[in-house]
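Here's the structure we're looking at; comments come further down.
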Amino acid sequence: MRIWKHVELSANDFEVIDVRKTGDGFPKKICNVCHKLKRTKDFAKNQNAKNNRSVRRPSCKDCRVEMEGVGVSRTERIEWLKKKPHNEPFECPVCKKRTIAGVTSKVVLEHDHRTGKPGGWICDSCNTGLGRFKDDIELLKSAMEFLKKSY
């Protein structure tokens with residue numbers, strides 16, 4: 001395992017660090033998007049670990065702002081919330097999984113992160129999956145091609 005890594009501090013300034021001494025529980029952490037060494041408090045809290053210590057997001061706050069993009073407007077969100085399925089049968093339009101919305105699965109409002117335009121209600125798993133592909137059709141096509149060749 002490679003334990004030493006060059007990290008960018010600024011445009012022309014680099015430092016060699018021991019990556020075992022970065023991350024949650026240490027004063028500094030490396031962002032998984034910009035790959036810069038930053039103060040751990042520059043990463044938003046995500047959840048609590050079993051030992052009740054905070055776990056922070058893998059990407060820094062600056063990168064998360066760029067990744068999250070534009071949210072749904074308040075007016076549109078209110079309108080969509082009126083249509084949110086709750087305690088009723090729900091079939092995710094992406095994976096076709098049938099659940100009881102809000103009981104056996106979490107249902108979330110998917111939206112275009114560039115424009116803020118809502119797309120519709122989908123299951124939390126599919127929302128996470130689409131987010132991992134950055135809602136990018138070309139990346140999804142590439143994943144499909146990989147699956148076709150691999151299986």
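According to the numbering used here, the sequence shown is numbered sequentially starting from 1. No residue lacks a Cβ here, since even glycine has one placed at the ideal position from N, Cα and C. As the structure is a computational prediction, the values presented were derived from the model and not from experiment.
Identified DSSP bridge partners for residue i
| i | result |
| --- | --- |
| W121 | L109 |
| S54 | N48 |
| I100 | P89 |
| L139 | The partner list for L139 (beta bridge, DSSP) is empty, contrary to what the question assumes. |
| K29 | K38 |
Residues near residue i in its chain [Cβ-Cβ closer than 6 Å; skip 5 each side]
| i | result |
| --- | --- |
| T99 | F90, S105 |
| V33 | S59, C63 |
Buried versus exposed call for residue i [16 or more other C-beta atoms within 10 Å across all chains shown]
| i | result |
| --- | --- |
| D124 | exposed |
| N52 | exposed |
| F26 | exposed |
| H86 | exposed |
| N127 | buried |
| R39 | exposed |
| A101 | buried |
| H35 | exposed |
| R56 | buried |
| K149 | exposed |
| I122 | buried |
Residue i - containing alpha helix (DSSP H), residue span
| i | result |
| --- | --- |
| R74 | 74-82 |
| C95 | No alpha helix (DSSP H) contains C95, which DSSP labels as neither H nor E. |
| C156 | Outside the shown range of the chain (1 to 151) lies residue 156, about which nothing can therefore be said. |
Bounding residues of the beta strand (DSSP E) (the contiguous stretch that carries residue i)
| i | result |
| --- | --- |
| R114 | Note, R114: premise wrong, no beta strand (DSSP E); not H, not E. |
| R39 | 37-39 |
Proximity test, residue i beta-carbon vs the ligand ADP heavy atom, cut-off 6 Å
| i | result |
| --- | --- |
| S142 | The ligand ADP is not among the ligands present in this structure, which contains no ligands whatsoever. |
Residues near residue i in its chain [Cβ-Cβ closer than 7 Å; skip 5 each side]
| i | result |
| --- | --- |
| S73 | G116 |
| D42 | C60, K61 |
Could you tell me whether the stretch 102-112 touches the stretch 84-94, where touching means 3 or more Cβ pairs closer than 8 Å?
yes
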